[in-house]
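Chains A and B supply the protein sequences, listed in that same order.
The first sequence begins at 52 in the working numbering and counts up one residue at a time.
The second sequence begins at 29 in the working numbering and counts up one residue at a time.
Notes follow the structure.
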Amino acid sequence: EVQLVESGGGLVQPGGSLRLSCEASGFIFSTYWMSWVRQAPGKGLEWVANIKEDGSEKYYVDSVKGRFTISRDNAKNSLYLQLNSLRAEDTAVYYCARDHGGPSPWFDPWGQGTLVTVSS
Amino acid sequence: QSLLTQPPSASGTPGQRVTISCSGSSSNIGNNYVYWYQQFPGTAPKLLIYSNNLRPPGVPDRFSGSKSGTSASLAISGLRSEDEADYYCAAWDDSLSGPLFGGGTKLTVL
């Protein structure tokens, strides 16, 4: 069974940092792009970043460029998102999702999400 | 304000056919495939339709997608109470060079 399990969320002060992790199982992790998608409380979905199979290409939504860093460790079947200089508007549930790559929002499956709350 | 516009709500009675629209532009829907996601409260989204009108394994054929020009629609026939959820359309945007989601439509089964 394909499974994605996120962890690392929590309460952090504005300007602080957090590292999210996503552990994958049930598929050959190293052969898929991966994405992070977030959802602010009561709001819609927003793609945040994605990374190529070998980590050689990374892309970000403008609002997080320079603050967030996506990475992966194929040996550990794990995806990461380093969140720096956090703002209140970054408060959201962060989902990792298997990304079918190319110019398409083809995310399947998704993890259960991890909540990041930025507040003083 | 999302670049993909969906009605915030939709409703129908059991057995009815309902459609949810998604309006975009030439830089997204007009030039790329459309995807649909279903999300129940407190759970992760699930892929419902990909490449405009294809269903992943396990998705009932009551769900169908279509696209015309810069708009797309999700149709649900034989509506059931368990279809009550939020539905999101999505498409790649060539101008932004990234994926876009619609604002979501909350479907209520009366």
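Think of the CB as a built atom: it goes at the ideal place given N, C-alpha and C, for glycine as much as any other residue.
Please read these numbers as outputs of a predicted model, since none were measured by experiment.
Whole-angstrom C-beta distance between P92 of chain A and S171 of chain A, which should lie under 8 Å
Between P92 of chain A and S171 of chain A the Cβ distance is about 17 Å, and since that is not below 8 Å, they are no contact.
I'd like to know whether the C-beta atoms of C73 of chain A and S136 of chain A end up nearer to each other than 9 Å.
no
Is Y146 of chain A close to chain B, meaning its C-beta is less than 9 Å from at least one C-beta of that chain?
Closer than 9 Å to some Cβ of chain B, the Cβ of Y146 of chain A qualifies, so yes.
Indicate whether at least one CB of chain A lies closer than 9 Å to the CB of G130 of chain B.
Yes, contact with chain A.
For T71 of chain B and chain A, any beta-carbon pair shorter than 9 Å?
It does; some Cβ of chain A falls within 9 Å.
Does DSSP put A72 of chain B in a helix, in a strand, or in coil?
Looking at A72 of chain B - three-state DSSP - the assignment turns out to be coil, as it is neither helix nor strand.
When the Cα of L74 of chain B is compared with those of A:R70, A:D141, A:V88 and A:A100, which residue comes out closest?
In the sequence on display, residue 74 of chain B carries Lys and not Leu. Residue A:V88 is the option with its Cα nearest to K74 of chain B.
Whole beta strand (DSSP E) elements within the region 74-108 of chain A, 3-residue minimum
Counting only runs of 3+ residues, the beta strand (DSSP E) found wholly inside the region 74-108 of chain A occupies 84-90 and 96-102, in chain order.
Kindly indicate which residue of A:G61, A:V167 and A:H151 has the alpha-carbon position closest to the one of P160 of chain A.
Between P160 of chain A and the set A:G61, A:V167 and A:H151, the nearest pair of CA atoms involves A:H151.
Tell me which residues share the same chain as L96 of chain A and place their Cβ nearer than 6 Å to its Cβ, disregarding the 5 neighbours each side in the sequence.
V88 and Q90
Taking 9 Å as the threshold (beta carbon to beta carbon), is G40 of chain B in contact with chain A?
no
Among B:T98, B:V137, B:S123 and B:P127, whose alpha-carbon lies nearest the alpha-carbon of S49 of chain B?
B:T98
Would you check if the distance between the CB atom of Q34 of chain B and the CB atom of S51 of chain B is smaller than 9 Å?
yes
Run through chain B and tell me which residues come within less than 9 Å of S155 of chain A, C-beta to C-beta.
Per Cβ cutoff of 9 Å: N60, Y61, Y63, Y78, S79, A118, A119, W120 and P127.
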